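In the numbering used here, the protein residues as written are 26 to 579.
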């Protein structure tokens, strides 16, 4: 084992490249395994809407015509209009729409798979920068590679990296922005400031909470000025940073073009009180998305994050909290210890800690509307993994024996291997992962496949079951818009499925995913008629994903 540890240390760069290569290949081989989510059609629709808007300012008439045709041919009466949801940035949706036109991708199966591939490539890029960020801070290959694996082997987030084009583009952009923020802590240069402002602006255009990144950076700077007055000489660089950030934000967010300040404020208010008020099944009760319990975020994170990461995160959080207070209490005006950190590395730790703490408090106490788990705040996983990795670094520093360090590292890798095995078992439904704390009975107290990825599997099963039927009527005992799953069915098979919704009398089969926008305890909208019997249930790792009912003709 010691010989292997020495081999790893001597070949660290090759091992990193091998891991990146394997991760990349796994993504390329599996991106078509994932179903379509309920939101993907809207974001494709939104992409063509904003692409058409941008092209209206440019002299590309032929391209504009093709885009307008695509936009007008997106049919789904349940889709919201993009102009009513202008706060969504176009960083992913618009380029994806443009590529679809340029590469002449015309079948729905092909363009949704293409989007899945793009999302994965963005997440992959973010993972590379997360390794660079950790290596920038810790300058230790073993620590950085452990943190890197934590990042990519976060099961729910990995699953979303193939279909969630909002949260899983925001997360990598935040990661890249943090890396260039760290570079500015090392050396405040105009190049580093431009790159940080670029990725911070791109992130903000996707999720408004991205504004915390530049705000906290400014606060750290002024804290430095209070400690060391000569730091005020960098004020012009800070002003430059704010100006460039604002320019990038407006440039990459067409909704801000007409009225930047007014529309930005409206977007902030829009996402603070999101108009979609739905019932969600959470911890055994139906709760309103506009009136969430304070426990909503902690419970979702606690149940769906691997225990290994949570263990080191909790230790690291309290370690950093203690260090912050000790630094604060020991500030002395006429001493070299007159700030909240000792060197750039502690400044980076404080920046991460402050952002996690401030954003979490904002989300909990500002009545931020959240729904469908914690996917809208998956970016917090960056801070969770960073703090977990930090604590591993602390452990390794305090383990003086080389032998003990080796056994500590291998213990972590063995547990990581079991997490990766879980991800393989869940494939391609890592988005419904629960950690070892959660019993099969307790899983029944939560929504499982809100995103509807399993709809494609259900339809394929029915088509296989009814090979000789030309038309199969399917009912849906769920909020799930199952018709969108047809987009990933082979084109020659789509016409064989007729979705009748809650018109159960016309249905031969009924899909039940237990996803409801109403309280099923008091509303019988999705009650399955007694004339139907359960013929199948799709279960992964003790988690019931959907049930299939068939009309009893006897």
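Quick reminder that beta carbons are idealized off the backbone N, C-alpha and C, glycines included. Since the structure is predicted, the reported quantities are computational estimates derived from the model, not experimental observations.
Measuring alpha carbon to alpha carbon, tell me which residue in the options is nearest residue i.
i, options, result
"residue 398", "451, 410, 322", "322"
"residue 127", "98, 155, 76", "76"
"residue 213", "258, 344, 421", "258"
"residue 329", "456, 86, 87", "456"
"residue 138", "121, 153, 178, 149", "121"
"residue 167", "562, 493, 422", "422"
"residue 199", "444, 417, 402, 549", "402"
"residue 549", "567, 516, 504, 568", "504"
"residue 253", "368, 67, 60", "368"
"residue 420", "482, 310, 439, 341", "341"
"residue 552", "491, 537, 561, 560", "537"
"residue 522", "327, 545, 544, 483", "483"
"residue 291", "111, 459, 418", "111"
"residue 222", "180, 184, 276", "276"
"residue 354", "345, 365, 267", "365"
"residue 4", "234, 288, 162, 285", "The question about residue 4 has no answer, for the chain in this structure spans 26 to 579."
"residue 211", "370, 567, 90", "370"
"residue 346", "312, 334, 381", "381"
"residue 306", "70, 544, 562, 248", "544"
"residue 333", "535, 179, 40, 68", "179"
Taking the straight line between their C-alpha atoms, what separation do you get for residue i and residue j?
i, j, result
"residue 514", "residue 577", "27 Å"
"residue 389", "residue 319", "6 Å"
"residue 99", "residue 511", "14 Å"
"residue 187", "residue 424", "39 Å"
"residue 405", "residue 229", "15 Å"
"residue 452", "residue 325", "20 Å"
"residue 338", "residue 231", "27 Å"
"residue 383", "residue 372", "16 Å"
"residue 532", "residue 102", "21 Å"
"residue 443", "residue 462", "15 Å"
"residue 145", "residue 314", "29 Å"
"residue 391", "residue 172", "31 Å"
"residue 53", "residue 260", "46 Å"
"residue 78", "residue 124", "16 Å"
"residue 430", "residue 416", "14 Å"
"residue 356", "residue 348", "12 Å"
"residue 555", "residue 177", "45 Å"
"residue 219", "residue 109", "32 Å"
"residue 236", "residue 250", "22 Å"
"residue 441", "residue 435", "10 Å"
"residue 520", "residue 308", "39 Å"
"residue 185", "residue 193", "7 Å"
"residue 303", "residue 147", "30 Å"
"residue 90", "residue 84", "11 Å"
"residue 466", "residue 447", "19 Å"
"residue 566", "residue 445", "14 Å"
"residue 516", "residue 134", "8 Å"
"residue 529", "residue 546", "20 Å"
"residue 88", "residue 285", "27 Å"
For a quick check, are the C-beta atoms of residue i and residue j less than 7 Å apart?
i, j, result
"residue 506", "residue 191", "no"
"residue 217", "residue 205", "yes"
"residue 571", "residue 479", "yes"
"residue 274", "residue 226", "yes"
"residue 496", "residue 518", "no"
"residue 581", "residue 525", "The chain is shown only over 26 to 579; residue 581 falls outside these bounds and no answer can be derived."
"residue 509", "residue 66", "yes"
"residue 468", "residue 459", "yes"
"residue 141", "residue 246", "no"
"residue 336", "residue 377", "no"
"residue 92", "residue 117", "no"
"residue 412", "residue 475", "no"
"residue 175", "residue 201", "no"
"residue 564", "residue 575", "no"
"residue 568", "residue 159", "no"
Looking only at DSSP bridge pairs, what is residue i linked to?
i, result
"residue 523", "498"
"residue 307", "310"
"residue 518", "Beta-bridge pairing links residue 518 to no other residue."
"residue 576", "557"
"residue 563", "571"
"residue 534", "499, 575"
key: Length-filtered (3 minimum) beta strand (DSSP E) runs lying within the stretch 82-155   = none
query = What runs of the alpha helix (DSSP H), each 4 residues or longer, lie entirely inside the stretch 433-512?
reply = 465-468, 480-490
request  = Scan the stretch 339-418 and note each continuous alpha helix (DSSP H) run of 4 residues or more that stays entirely inside, going in chain order.
outcome  = The qualifying runs are 369-390.
query = Considering only residues of the stretch 177-260, which uninterrupted alpha helix (DSSP H) runs meet the minimum length of 4 residues and lie entirely inside it, listed in chain order?
reply = 180-185, 192-211, 215-231, 237-252
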